[in-house]
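See below for the structure under consideration.
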Amino acid sequence: MIITKKVLRNVSLTAHPQGCAQYVQDQIDWVQAHAHASLDSRYQKCDDLKLPRRILVLGGSTGYGLSSRIVGAFGSGSDTINVSFEREPSQTKTATPGWYNTMAFEKRAKEAGLKAESIFGDAFSDETKQKTGALIKSLFGQVDLVIYSLASPLRTDPKTGTTYRSVLKPLGKPFSALSVDMDCDVVKMATIEPAEGTQAEETVHVMGGEDWALWIEYLMQENLLAEGAMTVSYSYIGPKITYPVYREGTIGKAKEDLEKTAAELTKKLQQIQGKAYVSVNKALVTRASAVIPVVPLYMAILYQVMKERDLHEHCTEQIYRLFTEKLFSGKQIPTDDEGRVRVDDWEMQDDIQAEVERRWALQKEGEPLKDADIEGVRKEYDQIHGFGFDSIDYEKDVDPRDIY
Ligand code: NAD
Numbered sequence: 001m002i003i004t005k006k007v008l009r010n011v012s013l014t015a016h017p018q019g020c021a022q023y024v025q026d027q028i029d030w031v032q033a034h035a036h037a038s039l040d041s042r043y044q045k046c047d048d049l050k051l052p053r054r055i056l057v058l059g060g061s062t063g064y065g066l067s068s069r070i071v072g073a074f075g076s077g078s079d080t081i082n083v084s085f086e087r088e089p090s091q092t093k094t095a096t097p098g099w100y101n102t103m104a105f106e107k108r109a110k111e112a113g114l115k116a117e118s119i120f121g122d123a124f125s126d127e128t129k130q131k132t133g134a135l136i137k138s139l140f141g142q143v144d145l146v147i148y149s150l151a152s153p154l155r156t157d158p159k160t161g162t163t164y165r166s167v168l169k170p171l172g173k174p175f176s177a178l179s180v181d182m183d184c185d186v187v188k189m190a191t192i193e194p195a196e197g198t199q200a201e202e203t204v205h206v207m208g209g210e211d212w213a214l215w216i217e218y219l220m221q222e223n224l225l226a227e228g229a230m231t232v233s234y235s236y237i238g239p240k241i242t243y244p245v246y247r248e249g250t251i252g253k254a255k256e257d258l259e260k261t262a263a264e265l266t267k268k269l270q271q272i273q274g275k276a277y278v279s280v281n282k283a284l285v286t287r288a289s290a291v292i293p294v295v296p297l298y299m300a301i302l303y304q305v306m307k308e309r310d311l312h313e314h315c316t317e318q319i320y321r322l323f324t325e326k327l328f329s330g331k332q333i334p335t336d337d338e339g340r341v342r343v344d345d346w347e348m349q350d351d352i353q354a355e356v357e358r359r360w361a362l363q364k365e366g367e368p369l370k371d372a373d374i375e376g377v378r379k380e381y382d383q384i385h386g387f388g389f390d391s392i393d394y395e396k397d398v399d400p401r402d403i404y
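Read in order, the letters of the sequence shown are residues 1 to 404 in the working numbering.
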């Protein structure tokens with residue numbers, strides 16, 4: 001079939017197998033180039049560092065989780081297990097990008113002599129935890145690092161069977177702000193109604209720390225965490241402009257809970273000299289972030305400002321810096337006053353934020369976006385679904401079940 005891009009309300013319905021493989025390959029190439037040579041003074045080599053050998057990534061098929069897998073494997077030869085929720089391809093329907101990414105990654109990792117396996121299933125369920133535990137036992141014995149990088153619209157509590165839904169809404173009152181859609185350059189006004197009833201609590205059940213804690217408790221109980229093991233989950237803070245819908249909204253409550261969970265897990269992990277951290281990462285186009293209202297407009301301005309100053313990073317560059325400079329540099333792990341690791345440091349620099357605010361004020365409803373890089377945001381969005389690569393002939397008939 002000829003696979004074309006189909007996007008509905010900022011959600012891509014298709015993915016290209018060859019393009020997803022190209023996306024994975026590009027990130028592997030970047031990591032390999034920087035891991036062994038001093039190409040850029042901002043990124044140190046992995047050669048002299050002690051990165052964890054056996055890594056479990058929960059949500060390792062796209063975005064920050066996939067990058068965590070790639071940096072571990074191709075930065076320092078780590079073996080990895082991924083747990084993610086994917087749709088397989090059929091003769092007439094494409095798989096999710098995460099499925100293609102995983103196939104492409106594991107093919108390359110195995111060719112490089114690394115162990116790389118996946119469990120496709122609902123990470124929130126007891127069954128997936130048990131299957132993953134059995135795989136860790138047979139493949140690694142134990143793991144040294146657990147990355148928790150799930151982004152999901154819903155979660156079924158394994159104990160009660162209750163299904164909770166996460167929403168991206170402000171709290172208390174409606175929030176109106178300028179926004180832009182991925183497929184249109186014209187700025188529009190978006191109004192988001194506040195969360196109702198139990199929506200805020202439900203979002204905490206889905207995107208907070210509850211399931212992260214269940215994973216770590218399960219792995220500890222089964223003796224699957226090595227002495228000194230670390231676990232890291234990803235969070236976001238962002239600028240004041242997006243506070244009402246992000247940090248002070250329903251998702252912000254969930255992120256606060258996640259950050260609180262890190263402290264609780266660190267206490268539990270003391271038994272094995274382990275530690276839990278939350279890393280606050282930069283705003284980047286992923287399948288999860290593209291659907292947050294107002295965020296694509298912020299990202300378009302931010303990308304332009306950071307690119308002009310040569311500070312723009314992709315997920316892989318962020319995770320590379322997180323691993324090499326913050327978590328495994330051999331020095332004390334730098335944290336903010338609340339114990340969080342910050343790789344959003346470049347995004348949150350005063351000069352960057354002042355310029356973003358200045359350009360935000362230039363935008364007018366009904367007019368095309370000004371001084372912003374919506375093209376760059378769009379290109380990244382296309383590429384995370386395997387589209388927009390010059391090297392690929394998108395007119396060519398491909399079998400969506402083929403692995404590249
Ligand atoms: P993403 O959509 O690219 O990845 C989400 C991952 O979760 C995928 O691997 C998906 O398969 C997996 N997943 C979802 N539901 C699942 C389920 N039920 N069972 C198993 N796997 C499931 O998202 P992302 O943007 O990389 O987000 C990952 C984390 O990083 C989130 O906590 C997010 O808040 C955080 N973060 C994102 C940004 C950003 O701008 N994208 C910035 C900072 C922090």
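Ideal placement from N, C-alpha and C gives every residue a C-beta, glycine not left out.
- Within the model, the alpha-carbon separation for aspartate 183 versus proline 293 is close to 14 angstroms.
- With respect to the 8 angstroms criterion, glycine 209 and lysine 260 are classified as neighbours on the basis of their beta carbons.
- Valine 71: member of the alpha helix (DSSP H) spanning 63-76, first to last residue.
- The Cβ atoms of isoleucine 70 and phenylalanine 105 lie closer than 8 angstroms to each other.
- When only Cα atoms are considered, glutamate 88 and threonine 316 end up about 25 angstroms apart.
- Within its own chain, the residues whose Cβ lies closer than 8 angstroms to the Cβ of glycine 121, once the five positions on either side in sequence are excluded, are Val83, Phe85, Glu127, Thr128 and Lys131, listed in chain order.
- Looking at Tyr218, Pro194 and Tyr164, the one whose alpha-carbon comes closest to that of methionine 207 is Tyr164.
- Close CB contacts of tryptophan 212 within its chain, under the 6 angstroms cut and outside five residues either way in sequence, are with Tyr148, Ser233 and Thr261 (chain order).
- Contact check for valine 377 against valine 245 fails: the beta carbons are separated by 8 angstroms or more.
- Of all alpha-carbon atoms in Lys6, Lys45, Met348 and Ile272, the one lying nearest the alpha-carbon of leucine 145 is that of Ile272.
- Between the ligand NAD and the CB of arginine 287, the shortest heavy atom gap is smaller than 7 angstroms.
- Taken from the Cβ of leucine 284, at least one heavy atom of the ligand NAD lies inside 7 angstroms.
- If only uninterrupted beta strand (DSSP E) runs of at least 3 residues are considered, those enclosed by the stretch 156-238 are 163-165, 175-179, 188-192 and 225-235.
- Under the DSSP assignment, serine 329 falls outside any beta strand (DSSP E); it carries neither an H nor an E label.
- Comparing C-alpha distances from methionine 299 to each of Leu362, Ile319, Ala372 and Val343 shows the shortest one belongs to Ala372.
- In this structure, DSSP gives arginine 358 a helical state, which the three-state scheme calls helix.
- Placement of the Cβ of asparagine 10 at a distance of 7 angstroms or more from every heavy atom of the ligand NAD is found.
- Distance from the C-beta of threonine 242 to the nearest heavy atom of the ligand NAD is not below 7 angstroms.
- Note that the C-beta distance between alanine 151 and alanine 288 is below 8 angstroms.
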